[in-house]
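Trainee: In UniProt numbering, the protein residues as written are 1 to 352.
Every residue gets a Cβ at the ideal spot worked out from N, C-alpha and C, and that includes glycine.
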Amino acid sequence: MSESNDPDTIAILGAGMAGLAAARLLARAGATVHVFDKGRGVGGRLSTRTANGDASSTQGAQFDHGAQYFTAESDRFRAQVAEWVAAGVAAEWEGRLATIECDAAGCVNADPPGGKKRYVGVPGMNAVAKRLAEEVAEAGGRVTTGVRVAPLKRGAGRWRLAGESGEPLGDFAKVVVTTPAPQAAELLTPSPALSNAAKSVRMTGCWAAMASFAGPLPVDFDGAFVNGPTEATPLSWIARDSSKPERPAVGGDHWVLHGSAAWSEANLEVAPEQAAQSLLAAFWRAVGATPRAPTSLAGHRWRFALPENPLDERALADRGLGLFAAGDWCGGPRVEGAYLSGLAVGEAILAT
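1. Assign P112 to one of two classes, buried (16 or more other C-beta atoms within 10 Å of its C-beta) or exposed (fewer than that).
2. What whole-angstrom Cβ distance do A298 and P272 have, given they're in contact under 8 Å?
3. Please list the terminal residues of the continuous beta strand (DSSP E) segment that includes P307.
4. Go through its chain and collect everything with a Cβ distance to residue 353's Cβ below 6 Å, but skip five positions before and after it.
5. Within 8 Å, do at least three Cβ pairs link the region 170 to 189 to the region 8 to 16?
6. Rounded to the nearest angstrom, what separates G106 and A286 at their Cα positions?
7. Does DSSP classify Y119 as helix, strand or coil?
8. Could you check where the alpha helix (DSSP H) with S278 kicks off and where it finishes?
9. Between the C-alpha atoms of D64 and A344, what's the straight-line distance to the nearest angstrom?
10. Quick check on the burial criterion: 16 or more other C-beta atoms within 10 angstroms. Buried or exposed for T295?
11. Inspect the CB distances between the region 255 to 273 and the region 203 to 218 and report whether three or more fall short of 8 Å.
12. Of all the options V42, L152, R303, A129, which has the alpha carbon lying nearest to the alpha carbon of F70?
13. Determine the direct distance from the alpha carbon of C102 to that of V33, and round the result to whole angstroms.
14. Just checking my contact of V81 with A67 at CB under 8 Å: how many whole Å lie between their CB atoms?
15. Grouping DSSP H, G and I as helix and E and B as strand, with all else coil, what is M203?
16. Indicate the three-state DSSP secondary structure (helix, strand or coil) for W255 in the structure shown.
17. Are three or more beta carbon pairs between the region 231 to 239 and the region 274 to 294 nearer than 8 Å?
18. For the candidate residues S47, L26, G41, R319, whose alpha-carbon lies nearest to that of P190?
19. Whose C-alpha, out of P123, S200, G44, A275, is nearest the C-alpha of P310?
20. Just the C-alpha distance for S47 and Q183, rounded to the nearest angstrom, thanks.
21. Can you tell me where the beta strand (DSSP E) with W237 in it begins and where it stops?
22. Do you know whose CA, among L217, P307, P229, lies nearest D253's CA?
23. Leaving out the 5 sequence neighbours to the left and right, which residues in its chain are closer than 6 Å to G157 when beta-carbon positions are compared?
24. Compute the distance between the beta-carbons of G223 and R45, then report whether it is under 9 Å.
25. Under 8 Å Cβ to Cβ from R131, same chain only, skipping five residues before and after it: list those, please.
26. Just mark A51 as buried or exposed, buried being the case when its beta carbon has 16 or more other beta carbons within 10 Å.
27. Between D8 and the rest of its own chain, which residues show a CB-CB distance below 6 Å, the 5 nearest in sequence each way excluded?
28. Check whether the region 134 to 149 and the region 161 to 173 touch, using three or more Cβ-Cβ pairs below 8 Å as the test.
29. Mind checking which residues open and close the alpha helix (DSSP H) that includes R154?
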C-alpha cells in the first residue's frame, strides 16, 4: 500500500530520541512510518563527532559533544537501557565525577555528585539512536536524513509533505513533530493550540568545546559539574570523553566543555573558535592546571539545548487534524524524558 492512500501512514519529523522511540513503537504496531530529519545522521543531541586534527593524538579521537550521558529512573527506560547494554550499544560510565564551585576568588572542588548510574552509548552516544533507527527499519519503517521539511500543508484530509526545495515527500494521515519547541511551534501552525503550547516553552542554547591534548592532563576526575555565576565561570560541565567505555584507543586526552545556559545565551552569535577559546581558558581555571596548547580545538553551538520550562504533558495531540508533538520539552527534559515522550505520543496515536 502506498503512502498516498494508506490510512495508517505517519510522518515523524525529527530523528532524535523521541522521534525514533515513537517510530519504532508505531512501526512494530503495523503502521507505515517515515521519519525525516534535517541532520546528516540520526540522534539529534545524541551526537558524536570525530576530530580532524593533524596530530597523532587527535586522529580518530571522538567527542560526545551533545548529551553527555543518560540515567534511568522509570521502569520503562530502565528496561530499554538494559536492552541496549545487552546489545552492546550502551554501557555504564564509571568515571570519577566531581563538583566544582567557582566565584570571583577562584574555583574549588566541592562534594562529588550522588552515586547515580550513568550510561553512555558505545562506541559513541549516537550508537543508541542508530540502534533505534535500525529497529525502525526492521519493523518496516523508513528513516531519511538530510531533508528539511517545508511548512505543513493539508489537502483532501491528508498532510502533503515537501522538502524546502519543493520536492514531494509523500502524503500522510498523521504527522508527529519532535523537533525542539521553537521549531515545532512553526511546524505546528495548522493547530493553534499545539503551536501555542510549543511557543510557551523556552529552550536555552549551549556552546560546546572539544579539545584534544597530546598526553594526559593532571586532573584527578573524569567529569565535573561546574557551578557559579557567569562572571566567575562560563562553564556548566566538563568531561574527559576518553574515559568513557569503548572509546577509540588513539592516545592523548580528549575533553568536552559545555557552557552554562546563561553564558551560552549571551554569546550565541560569537564565532565557534571564539566560544571554544573562552571555554578552554575557563577550563584551566576550573581544574587548577597550567594551560597547555591543545592538538585540536573546535566549538559547536547547540541553539536549542535544554527546555527551561517543559510542559506537564508527555505528548500533544490534535486528533481532528491528525497532528501530534513530542520531545524532551514535553513532560520533562533529558534523554529519558525524550524517550518516554516518544512512547507517549506513539500510544496516543494507536489509541485514536
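Mentor: Let me lay it out:
1. exposed
2. 7 Å
3. 296 to 307
4. The shown model of the chain, from 1 to 352, leaves out residue 353, and the question about it has no answer.
5. yes
6. 8 Å
7. strand
8. 272 to 287
9. Roughly 27 Å between the two C-alpha positions.
10. Around the beta carbon of T295, 16 or more other beta carbons lie within 10 angstroms, which makes this residue buried.
11. yes
12. A129
13. 48 Å
14. Contact doesn't hold; Cβ gap of about 14 Å is too wide.
15. Note: M203 maps to strand in three-state DSSP.
16. Strand.
17. yes
18. Minimum Cα distance to P190 is reached at R319.
19. S200
20. 19 Å
21. 235 to 240
22. With distances taken between CA atoms, D253 lies nearest to L217 out of L217, P307, P229.
23. Result list for G157: empty, nothing under 6 Å.
24. No. Outside cutoff.
25. The residues are W84, A87, V89.
26. With 16 or more Cβ atoms within 10 Å of its Cβ, A51 is classed as buried.
27. A31, T32, listed in sequence order.
28. yes
29. R154 -> not in any alpha helix (DSSP H); beta strand (DSSP E) instead, spanning 153 to 155.
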